[in-house]
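Asker:
Residue numbers (the numbering used here), protein chains in the order written: chain F, 1 to 136; chain W, 1001 to 1132.
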């Protein structure tokens, strides 16, 4: 039996101004998914983030546990005054999630990180800054 | 590798091992990407059910050949408390745990064949098959 390599025990959260970016690049076991939900919620409060991007383009499955984590994280972000967008879901994953019956109706989604940032900027506006020419 | 592969499920990270093993076998019989995703997801739900409700169990994967068709079958066998009312357990939204209650019913929708046998106090055997 092949063993998968020991996964890292935390998923890094990057900060870009008032946005947080998480790129999930490993097949998450349940505890890792729960830890990410906690870390992300804590980080939103800590830095007063306005938007959160969760990039799942590397995930080749999303089951009900991970689906619930995404839905919970979005709901918690909203309560903390931030908007969350899940980006990059693979088509086969989307088809499977719908048949599985996972309800992601409260979760904003976008095709990729770029469109996700655009969506967030439309919803939360741009941060106040002096060099007004800078755009994402 | 033989046509049988068995994986012990005793802790949450074993669910990931099950997903990878099912994916590998699904690729071997050339299931389409969507069908691979469906059976891997179904296996993930059922492996988690075994862990949550029975404290673990064993997953056995089997490659099938019928006429010219190839299939992947997975057995989920545990020695847990069993499921008293299978019809109820298959209903969406029904859960005695903390999940969404989609595991059994959802897994059933993702495969071509689904069967479940359970005896109170003796355990549960769920079998799923996806044909190419």
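Glycine residues also receive a C-beta, built at the ideal position from the N, C-alpha and C atoms.
1) Take residue 1027 (chain W) and list the residues in its own chain whose beta-carbon comes closer than 7 Å to its own, dropping the five residues that flank it on each side.
2) Using a Cβ-Cβ cutoff of less than 7 Å, which residues in the same chain neighbour residue 18 (chain F) once the five nearest sequence positions on both sides are dropped?
3) How about residue 15 (chain F) and residue 36 (chain F): are their beta carbons less than 9 Å apart?
4) What whole-angstrom Cβ distance do residue 1129 (chain W) and residue 1071 (chain W) have, given they're in contact under 8 Å?
5) Does the stretch 1064-1083 of chain W come close enough to the stretch 1105-1125 of chain W to have 3 or more Cβ pairs within less than 8 Å?
6) Just checking my contact of residue 1104 (chain W) with residue 1090 (chain W) at CB under 8 Å: how many whole Å lie between their CB atoms?
7) Going by CA-CA distance only, name the one from W:1019, W:1055 and W:1075 that's closest to residue 1062 (chain W).
8) Where does residue 1069 (chain W) fall in DSSP's three states?
9) How big is the Cα-Cα spacing for residue 183 (chain F) and residue 110 (chain F)?
10) Is it buried or exposed for residue 1025 (chain W), if we count other Cβ within 10 angstroms and need 16 for buried?
11) In the stretch 1110-1126 of chain W, which residues sit with their C-beta less than 9 Å from some C-beta in chain F, listed in chain order?
12) Note the first and the last residue of the continuous beta strand (DSSP E) segment covering residue 1009 (chain W).
13) Between the stretch 38-46 of chain F and the stretch 101-116 of chain F, are three or more C-beta pairs nearer than 8 Å?
14) Using only CA atoms, which one of W:1040, W:1044 and W:1117 lies nearest to residue 1079 (chain W)?
15) Could you tell me whether any Cβ in chain F is nearer than 9 Å to the Cβ of residue 1010 (chain W)?
16) Give me the chain W residues within the contact set of residue 96 (chain F), using Cβ-Cβ distance strictly less than 8 Å, ordered along the chain.
17) Counting contacts by CB-CB distance shorter than 9 Å, is residue 126 (chain F) in contact with chain W?
18) Counting Cβ pairs closer than 8 Å, one from the stretch 1009-1022 of chain W and one from the stretch 75-89 of chain F, do we hit at least three?
19) Using C-beta distances below 7 Å, list every residue in its chain close to residue 124 (chain F), excluding the 5 sequence neighbours before and after it, in chain order.
20) What is the DSSP secondary structure of residue 63 (chain F), counted as helix, strand or coil?
21) Counting C-beta neighbours from all protein chains within 10 Å, is the total for residue 1085 (chain W) 16 or more, i.e. buried, or is it exposed?
22) Do you know offhand how far residue 1001 (chain W)'s Cα is from residue 1131 (chain W)'s?
Answerer: In brief:
1) 1036
2) Result list for residue 18 (chain F): 49, 50, 51 and 127, in chain order.
3) no
4) 5 Å
5) yes
6) 5 Å
7) W:1075
8) strand
9) Because chain F spans 1 through 136 in this model, residue 183 (chain F) falls outside it and cannot be assessed.
10) buried
11) 1110
12) Start and end: 1004-1009.
13) no
14) W:1117
15) no
16) 1034, 1037, 1038, 1041 and 1110
17) No, residue 126 (chain F) does not count as interfacial toward chain W.
18) no
19) 50, 51 and 83
20) coil
21) The residue is exposed, with fewer than 16 neighbouring Cβ atoms inside 10 Å.
22) Only weak support exists for where residue 1001 (chain W) lies, its pLDDT of 44 falling under 50; the value from the coordinates is given anyway. Distance between the alpha carbons of residue 1001 (chain W) and residue 1131 (chain W) is about 20 Å.
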